[in-house]
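First residue of the sequence shown? That's 0 in numbering that gives the first Met the number 0, and the numbers climb one at a time after it. Idealized CB from N, CA, C, for every residue including glycine.
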Amino acid sequence: MRLVLLGAPGAGKGTVAKMLTEIDGSVQISTGDILRAAVRDGTELGKKAKAYMDAGDLVPDELIMGIMRERLQQPDAAKGFLLDGFPRTIPQAEQLKTLLEELGIQLDAAVNLDVPREVILERLTTRRTCVQCGEIYNVKSKPPKVEGVCDKCGGQVVQRDDETEEAIAKRLDVYNEKTAPLVDFYEKEGLLLNVSATSSDEVVKAIRERLGL
Ligand code: ADP
Ligand code: ZN
Numbered sequence: 000m001r002l003v004l005l006g007a008p009g010a011g012k013g014t015v016a017k018m019l020t021e022i023d024g025s026v027q028i029s030t031g032d033i034l035r036a037a038v039r040d041g042t043e044l045g046k047k048a049k050a051y052m053d054a055g056d057l058v059p060d061e062l063i064m065g066i067m068r069e070r071l072q073q074p075d076a077a078k079g080f081l082l083d084g085f086p087r088t089i090p091q092a093e094q095l096k097t098l099l100e101e102l103g104i105q106l107d108a109a110v111n112l113d114v115p116r117e118v119i120l121e122r123l124t125t126r127r128t129c130v131q132c133g134e135i136y137n138v139k140s141k142p143p144k145v146e147g148v149c150d151k152c153g154g155q156v157v158q159r160d161d162e163t164e165e166a167i168a169k170r171l172d173v174y175n176e177k178t179a180p181l182v183d184f185y186e187k188e189g190l191l192l193n194v195s196a197t198s199s200d201e202v203v204k205a206i207r208e209r210l211g212l
């Protein structure tokens, strides 16, 4: 399957993407994970992106498009992909459309995870992430078996630098201003699947129904 996952930070895009990869081997492509790995490894990309990320701002479109143009052409993406955290702006969505046309591939849907703001805030402040594999935990609902240690890979489980209260508020504002308009964009493209759901299971179910999987 080839999906764009839309939704505010904390809406559950990453969790849903991971669940969907189990269905048909499509790969999760998370721009946030790619950028965090670049920051951790101290690459040129990481150096350019870090300040934007820590402030809760978006990384410039040109950097993101460069990453995605390469990533979508990797062999594993041929099986299908779940775009998690991309596109994030109207220019990114337009350039993605052109890129996919060039590559001769079509999206199946753009899924909007519509989650109430209170739920989002609660989730983001309690969320923890594995620095190594990106696995997502929650101190209340899904803690790792050993505190601070990833169940999957043994990596360190931490609160992200951009998950301070201030950066979270900023990310939600940026989302409303820059990313929420993508819902209309994909509606006009005839690709929108809007799912009001608080559980990832329900979202996955709605996607399977829509795609007949
Ligand atoms: P969230 O949990 O907020 O959805 P992500 O892990 O997707 O977070 O992204 C973390 C940060 O990485 C964002 O706040 C932003 O700075 C940067 N980022 C990720 N994807 C994009 C993108 N498509 N365009 C611009 N910046 C991005
Ligand atoms: Zn891990």
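Scanning Ser29, Asp53, Gly6, Gly189 for the CA closest to the CA of Asp107 turns up Gly189.
The beta carbon of Leu181 is closer than 6 angstroms to those of Leu5, Ala92 in its chain, skipping five residues each way along the sequence. Of Leu2, Arg1, Gly13, Val3, the smallest CA-CA separation from Tyr136 is found for Gly13. Rounded to the nearest angstrom, the Cβ distance from Ala16 to Asp83 is 4 angstroms, consistent with a contact under 8 angstroms. One Cα belongs to Arg35, the other to Arg122, and the distance between them is close to 20 angstroms. For the options Ile119, Gln72, Leu99, the alpha carbon positioned closest to that of Arg170 is the one of Ile119. Around the ligand ZN, the residues selected by a Cβ distance under 6 angstroms to any of its heavy atoms are Cys129, Gln131, Cys132, Glu134, Cys149, Lys151, Cys152, Gly154, following chain order. Shown here for Ser198: not one same chain residue has a beta carbon closer than 8 angstroms to its own, the five before and five after excluded. Counting C-beta pairs closer than 8 angstroms gives fewer than three between the region 71 to 83 and the region 150 to 168, which falls short of the contact rule. For Phe80, the CB stays at least 7 angstroms from every heavy atom of the ligand ADP. Distances taken from the Cβ of Arg170 to the heavy atoms of the ligand ADP include one shorter than 7 angstroms. By the 16-neighbour rule on beta-carbons within 10 angstroms, Glu162 is buried. Excluding the 5 residues flanking it on each side, Val58 has same chain C-beta neighbours closer than 6 angstroms at Ala48, Tyr51, in chain order. In this structure, the C-beta of Gln91 approaches the ligand ADP to less than 7 angstroms from one of its heavy atoms. Rounded to whole angstroms, Ala109 and Leu192 show a C-alpha spacing of 6 angstroms. In the structure shown, Val130 falls within a coil segment according to DSSP collapsed to helix, strand and coil.
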